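Read in order, the letters of the sequence shown correspond to residues 8 to 310 in this note's numbering. We put the beta carbon where it would ideally sit given N, CA and C, even for glycine. None of the values given here were measured: they were computed from a predicted structure. Worksheet: one structure, shown below.
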Amino acid sequence: MNTTTIGTPAAIPADWRDFLALTKPRVLTLVVFTGLCGLLAAPVGVHPVIGFTAILCIAMAAGAAGALNQWYESDLDARMKRTAKRPLPAGRMDRDTAFQFGVGLGVFSVILMGLAVNLVAAAILAVSILFYVVVYTIWLKRRTPQNIVIGGAAGAFPPMIGWAAATGDVTLMPVLLFTLIFLWTPPHFWALALFVKTDYANAGVPMLPVVAGERVTRQQIGLYTLPMAACAIAPWPLGFAGWIYGLTAVGASAWFAWLALRVSTRTTGTDDAMQPEKRLFAFSILYLFALFGALVVDRMLLA
Numbered sequence: 008m009n010t011t012t013i014g015t016p017a018a019i020p021a022d023w024r025d026f027l028a029l030t031k032p033r034v035l036t037l038v039v040f041t042g043l044c045g046l047l048a049a050p051v052g053v054h055p056v057i058g059f060t061a062i063l064c065i066a067m068a069a070g071a072a073g074a075l076n077q078w079y080e081s082d083l084d085a086r087m088k089r090t091a092k093r094p095l096p097a098g099r100m101d102r103d104t105a106f107q108f109g110v111g112l113g114v115f116s117v118i119l120m121g122l123a124v125n126l127v128a129a130a131i132l133a134v135s136i137l138f139y140v141v142v143y144t145i146w147l148k149r150r151t152p153q154n155i156v157i158g159g160a161a162g163a164f165p166p167m168i169g170w171a172a173a174t175g176d177v178t179l180m181p182v183l184l185f186t187l188i189f190l191w192t193p194p195h196f197w198a199l200a201l202f203v204k205t206d207y208a209n210a211g212v213p214m215l216p217v218v219a220g221e222r223v224t225r226q227q228i229g230l231y232t233l234p235m236a237a238c239a240i241a242p243w244p245l246g247f248a249g250w251i252y253g254l255t256a257v258g259a260s261a262w263f264a265w266l267a268l269r270v271s272t273r274t275t276g277t278d279d280a281m282q283p284e285k286r287l288f289a290f291s292i293l294y295l296f297a298l299f300g301a302l303v304v305d306r307m308l309l310a
């Protein structure tokens, strides 16, 4: 276990903004959105109070995972420019506080989900927290360039949890949504890693661009995009979604594939702020929002 203490005692103690920062609010936004869409796309209605509680639990669980990730990786964060100002490496909070906050939030979210929603959703929620913290953060991230490939499953659980919260079970459709995010994570994250690889190299994190080089990373982005696009479109021909989702998936996936092609065929990087990998990274976030948003609209208008 990582026991390195980062930073010195701060003159100003941690406040609510530091606890919020521990939850990784930018990541949390996408997690909550995909979880909400999974719940709303389910083929049964959900009482508003139950639905709100389920989404609250998903948000708390994601925040808990983010806090425990920062607790364990405080030494890495201190060596990376983009994370050095987080509460732990900046010295505004001690590691024990972050650990207690993360564990408490995570345990409470699972118990609340089990008591107020259903046990199936609570079980998947617990697995998602443990997968992100134990499998990805503690086991994979410092050991293998496949950390994002395997660890990507952690971020793929929310729509499945939302669906289970509504229905009490898991069918093929939420599995497709899980697989979509699972396959989306490598090209999304490797696009980011291409233009911050120096940060990862300095921190000693074996991200693919650091270990295998840019050429291999670009090729892998292109390869993962193909099954991702197929998975994104699949609900339409399988009859799980209508034409609103289908046309959105086809159009968005085609643009994603075009950007990925530009990245995969690029031989050298530049400092150009609009280089293809930055465009792909930015669009990849919009891509998920568009797909899951279209899924909900499709369900509401065509059901």
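Residue i in three-state terms, based on DSSP
i, result
"H54", "coil"
"A69", "helix"
"C44", "helix"
"G158", "helix"
"R222", "helix"
"F247", "coil"
"F164", "coil"
"Q77", "helix"
"D176", "coil"
"D305", "helix"
From the options, residue whose alpha carbon lies closest to that of residue i
i, options, result
"D84", "V51, E284, G121, R149", "R149"
"L7", "T36, L43, P166", "The question about residue 7 has no answer, for the chain in this structure spans 8 to 310."
"A129", "C44, P234, L179, G169", "G169"
"I57", "E221, L308, A172", "A172"
"T151", "G211, V117, A105", "G211"
"L309", "L268, V182, A248", "A248"
"L230", "P216, S271, K31", "S271"
"A237", "L215, F299, A261, M100", "A261"
"F138", "L295, P32, L75, L268", "L75"
Buried/exposed call for residue i, threshold 16 Cβ in 10 Å
i, result
"R225", "buried"
"I136", "buried"
"N209", "exposed"
"M307", "exposed"
"I228", "buried"
"A21", "buried"
"I131", "buried"
Straight-line gap, residue i to residue j (C-alpha atoms, nearest Å)
i, j, result
"F164", "R273", "33 Å"
"T41", "K204", "28 Å"
"T90", "V218", "21 Å"
"A213", "W250", "The displayed chain sequence assigns Pro, not Ala, to residue 213. For P213 and W250, the distance between alpha carbons rounds to 42 Å."
"L199", "L122", "39 Å"
"F59", "W197", "33 Å"
"Q77", "R222", "30 Å"
"L63", "E80", "26 Å"
"L201", "P283", "10 Å"
"Y207", "N154", "13 Å"
"V140", "M120", "19 Å"
"K31", "V38", "11 Å"
"F290", "V114", "34 Å"
"D176", "V134", "15 Å"
"L43", "P166", "7 Å"
Minimum Cβ-Cβ distance from residue i to chain C less than 9 Å
i, result
"V182", "Going by chain labels, chain C is absent from the structure shown, which holds only one protein chain."
(Q) Across the stretch 187-197 and the stretch 68-77, are there enough close Cβ pairs to call them in contact, namely three or more that are closer than 8 Å? (A) no
Q) Should the stretch 238-246 be called in touch with the stretch 256-269, which here means at least 3 C-beta pairs below 8 Å? A) yes
**Q.** Cβ contact check for the stretch 145-159 and the stretch 112-126: 3 or more pairs under 8 Å
**A.** no
Q: State whether the stretch 86-98 contacts the stretch 19-28, with contact taken as three or more CB pairs (one from each stretch) at a distance under 8 Å.
A: yes
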